[in-house]
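Protein chains: 2
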Amino acid sequence: MNLKELSSLLGLSQTTVSRALNGYPEVNEETRRRVALAAEQHNYRPNTRAKGLATGRAMAIGHVIPMSTKHEMVNPIFGDFIAGAGETYSRNGYDMVLTVVEDVNEAQAYRNIRSRHTVDGVVVHGPKMQDSRISLLHQIGLPFVVHGRASGIAKDYSWLDVNNKSAFLRATNFLLDLGHQRIGLINGLEGMDFAYRRRAGYEEALKAHGIAPDPAIMRSEEMTEVFGYRSAREMLETGNPPTAFLVSSMICALGVRRAIEERGLRMGRDVSVITHDDALSYLQNGGDVPIFTATRSSVREAGRRLAEILIERINNPDGPLIHELLEAELMVGQSTGPAPREAQ
Amino acid sequence: MNLKELSSLLGLSQTTVSRALNGYPEVNEETRRRVALAAEQHNYRPNTRAKGLATGRAMAIGHVIPMSTKHEMVNPIFGDFIAGAGETYSRNGYDMVLTVVEDVNEAQAYRNIRSRHTVDGVVVHGPKMQDSRISLLHQIGLPFVVHGRASGIAKDYSWLDVNNKSAFLRATNFLLDLGHQRIGLINGLEGMDFAYRRRAGYEEALKAHGIAPDPAIMRSEEMTEVFGYRSAREMLETGNPPTAFLVSSMICALGVRRAIEERGLRMGRDVSVITHDDALSYLQNGGDVPIFTATRSSVREAGRRLAEILIERINNPDGPLIHELLEAELMVGQSTGPAPREAQ
DNA sequence: ATCGGCATCCAAAGCGCTTTGAAAATGATT
DNA sequence: AATCATTTTCAAAGCGCTTTGGATGCCGAT
């Protein structure tokens, strides 16, 4: 069923039917009702492509998912973020189109999206420091919002981010207050902006307590369980092991716990752990009492909100840029406790 | 830059330019080269919507992501599956469009997709037994492939699935051979087809060994870490605890391990665990030596292959239906060992 | 009666592409 | 030189919608 058929069926012109359906005032209310009813009955919905062609809007938003050729890694927060954003999109009549692309071809993917007019705007995921995508998007004039921020970019842009620095600063202080002096950092991939900011918070807290950051107990990698395990094990095996770990993701933290328990130590008593928790739906931090003490911020909620911001920008491209900084909550769980005596 | 501009720039008709770009034979090779070069230089790419309208094909494939209203849960395998499928799509010039929808509105979402002509076909995720989506899709005539199968559907359809039954049958036999008599099952949500099939394999193996399945040590739920933990703990607390667990996902298995170690037991010695492993990129089963003995099947590879099947069906809707059954490999890791003496 | 204003509807153009059917240019054949 | 087949190009229609710029009819006001 298309417009032409529907309107001839109703004995009306396509114009009138189209207007009736799109809520224009110049159509009799009685007529509008008739049209709406017929559309309903015949399950009519305007063809997306035709509508898009006529209006010049795709009513779709793009997400470019860079696939690191080295790591073949999908960001585990991706599903929840998409779920959050997807909610907002449906509510506003937008489709979501994903493009999976090798990270080396990413720029080309954006250019492609732009010239094919497939979407009205894009979300930039996982910004690195000095991320080149941002200036590219500015240049080709595709509306966008960044999930996170990119240090070292001159021109301003819209973003939504967790306050990673303050989160890790507070977490480090929390450990320091418990008497921990030697705190290992198990962080995300070097170059990722969030990892940089978390490290900055960590180092700032240490320095404020007169402790020099020790590269021997700081690691940066793709945040897998195995990476958490290896890092923690290696650090614990040294002569001067950390009494606490600050970890950048739950999955990593699970690996850290494995390493701790494998050595016959108990987490929360012998070794403390604080992790960042993205509040992923399939990886809740325990039940009523959190397993891990964590800096918590829902990535799903971030998706929801970020999508709103992007839609706002699309509707009003020359409007003010929007910056939103979410504070993570520090939730105390069972994985932290006072530093053991002998280590103090 | 659009076709009209490009062709007037070249002093050619739109017809010729279009044909040159789309590889039609009735155009001089010299001309084709000129056109290709100009297109390249001006970064020309045909407008997706216009092309779609003209050809009647969207060159896009839909994934409807049902969001369970109760659980607010995103399937953790989703990211990796999408990554795999996305690879195939890019290679074939397809876009991927996601629709996040509350599970109660799912049927409406498919109807909507269909009448709006947004995509050429869809992937059905997470089939339940007697899944109603399948007949709906047949009825509305939207090409589709199911990731998994749905027991109890009369009309045939294309699918790609892991042999869940045989995987869990083999895993159960493996445990039985090690002397385990009391094996707990920690399975996915009741009603999900894969969970049904895994249980069938488990029960068949038990019965073949003259053991009656005991509902007291069988659980079905959304597969989270916490669910794994709770289930294992409860079972271990009983007077007659299992000596082994068969678990439906790695994330769940991490919870099981937590419960085991919390009781001061050692996994692989005191209690054995076998889990299904979807080979998620961020949750590898240990490094060189697997942590868990596991039935392993890459969900990413499944995505790649399933996308191929769907594209084939779209290109040839009346062609033969395709069924592909992947066997999971049983990988022996450190989480299994002979049943402890006293329990035998 | 005539007019202006308003409510209601319509025909047709246009969005950017593909594709049909025909025309022009070229070359081979007589 | 005329004819035909072949290659190469083109004008225009059509995909399904929105939107512009009228028409049409009806009303009360003049």
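Those sequence lines, one after another, are chains W and A. My numbering applies: residue 1333 is where the first sequence begins, and numbers increase by one. My numbering applies: residue 1333 is where the second sequence begins, and numbers increase by one. We put the beta carbon where it would ideally sit given N, CA and C, even for glycine.
Using 8 Å for Cβ pairs, my map puts residue i next to residue j. What's the rounded Cβ distance?
i: Thr1431 of chain A; j: Ile1397 of chain A; result: 7 Å
i: Glu1522 of chain W; j: Met1405 of chain W; result: Their Cβ separation, rounded to whole angstroms, is 14 Å, which puts Glu1522 of chain W and Met1405 of chain W out of contact at 8 Å.
i: Leu1653 of chain W; j: Ser1490 of chain W; result: 5 Å
i: Ala1368 of chain A; j: Leu1492 of chain A; result: Not a contact, Cβ separation roughly 37 Å.
i: Leu1662 of chain A; j: Phe1506 of chain A; result: 7 Å
i: Met1567 of chain A; j: Ile1549 of chain A; result: 5 Å
i: Phe1677 of chain W; j: Asn1496 of chain W; result: Since the first residue shown for chain W is 1333 and the last is 1676, residue 1677 of chain W is missing from the structure and cannot be characterised.
i: Val1631 of chain W; j: Asp1610 of chain W; result: 4 Å
i: Val1433 of chain A; j: Ser1422 of chain W; result: 6 Å
Helix, strand or coil for residue i? Go by DSSP, reduced to three states.
i: Val1367 of chain W; result: helix
i: His1374 of chain W; result: coil
i: Met1567 of chain A; result: helix
i: Ala1671 of chain A; result: coil
i: Thr1625 of chain A; result: strand
i: Asp1620 of chain W; result: coil
i: Asp1493 of chain A; result: strand
i: Lys1487 of chain A; result: coil
i: Met1599 of chain W; result: strand
i: Glu1358 of chain W; result: coil
i: His1541 of chain W; result: coil
i: Glu1404 of chain W; result: coil
i: Gln1676 of chain W; result: For Gln1676 of chain W, the predicted model reports a pLDDT of 41, less than 50, meaning its position is unreliable and no value from the coordinates is stated.
i: Leu1344 of chain A; result: coil
i: His1655 of chain A; result: strand
i: Met1333 of chain W; result: coil
i: Asp1509 of chain W; result: helix
i: Tyr1426 of chain W; result: coil
Give the residues of chain A in contact with residue i, contact being defined as C-beta atoms less than 8 Å apart.
i: Ile1397 of chain W; result: Ile1414, Ala1415, Gly1418
i: Tyr1356 of chain W; result: Simply none; closest approach about 20 Å.
i: Pro1622 of chain W; result: Correct list: empty, because the minimum Cβ distance to chain A is about 11 Å.
i: Val1429 of chain W; result: Ala1392, Asp1427, Met1428, Val1429, Leu1430
DSSP beta-bridge partners for residue i?
i: Thr1431 of chain A; result: A:Val1396
i: Phe1577 of chain A; result: A:Gly1516, A:Val1605
i: Val1454 of chain W; result: W:Gly1394, W:Phe1476
i: Ser1552 of chain W; result: W:Asn1519
i: Leu1615 of chain W; result: Beta-bridge pairing links Leu1615 of chain W to no other residue.
i: Met1524 of chain W; result: W:Lys1460
i: Met1663 of chain A; result: A:Ala1626
Rounded to the nearest angstrom, what separates residue i and residue j at their Cα positions?
i: Lys1460 of chain W; j: Thr1450 of chain W; result: 25 Å
i: Gly1458 of chain A; j: Phe1410 of chain W; result: 18 Å
i: Gly1520 of chain W; j: Arg1481 of chain W; result: 15 Å
i: Asp1427 of chain A; j: Gly1669 of chain A; result: 47 Å
i: Val1456 of chain W; j: Leu1658 of chain A; result: 35 Å
i: Glu1536 of chain W; j: Asp1509 of chain W; result: 15 Å
i: Thr1625 of chain W; j: Leu1353 of chain W; result: 53 Å
i: Ser1563 of chain W; j: Ala1585 of chain W; result: 11 Å
i: Asn1444 of chain A; j: Val1429 of chain W; result: 16 Å
i: Val1673 of chain A; j: Arg1637 of chain A; result: For the record, residue 1673 of chain A in the displayed sequence is Arg; it is not Val. Answer to the nearest angstrom: the Cα atoms are 45 Å apart.
i: Val1664 of chain W; j: Gly1600 of chain A; result: 32 Å
i: Thr1627 of chain W; j: Ser1580 of chain W; result: 9 Å
i: Arg1530 of chain A; j: Pro1408 of chain W; result: 25 Å
i: Ile1643 of chain A; j: Pro1622 of chain A; result: 35 Å
i: His1608 of chain A; j: Gly1560 of chain A; result: 13 Å
Under 8 Å between beta-carbons, which chain W residues line up against residue i? List them in chain order, please.
i: Phe1577 of chain A; result: In chain order: nothing, as chain W lies at least about 17 Å away.
i: Ile1583 of chain A; result: Tyr1614, Leu1615
i: Arg1443 of chain A; result: Asn1375
i: Gly1480 of chain A; result: Those do not exist, as Gly1480 of chain A stays about 18 Å from chain W at its closest Cβ, beyond 8 Å.
Mind listing the chain A neighbours of residue i? Cutoff is C-beta to C-beta under 9 Å, in chain order.
i: Gly1516 of chain W; result: Here the premise fails: no neighbours, minimum Cβ distance about 20 Å.
By the criterion of Cβ-Cβ separation under 7 Å, what are the contact partners of residue i in chain A?
i: Glu1593 of chain W; result: Glu1593
i: Met1405 of chain W; result: Ser1613, Tyr1614
i: Phe1410 of chain W; result: Gly1411
i: Gly1619 of chain W; result: Val1558
i: Val1631 of chain W; result: Those do not exist, as Val1631 of chain W stays about 10 Å from chain A at its closest Cβ, beyond 7 Å.
Below 9 Å on C-beta distance, what does residue i contact in chain W?
i: Asn1495 of chain A; result: Under the 9 Å cutoff, chain W gives no residues; its nearest Cβ is about 24 Å from Asn1495 of chain A.
i: Ala1352 of chain A; result: Near Ala1352 of chain A there are no residues of chain W at all, since even the closest Cβ is about 17 Å away, more than 9 Å.
i: Ala1390 of chain A; result: Thr1380, Arg1381
Below 7 Å on C-beta distance, what does residue i contact in chain W?
i: His1449 of chain A; result: Asn1379, Thr1380, Arg1381
i: Val1588 of chain A; result: Here the premise fails: no neighbours, minimum Cβ distance about 12 Å.
i: Val1433 of chain A; result: Ser1422
i: Leu1385 of chain A; result: Arg1381, Ala1382, Leu1385
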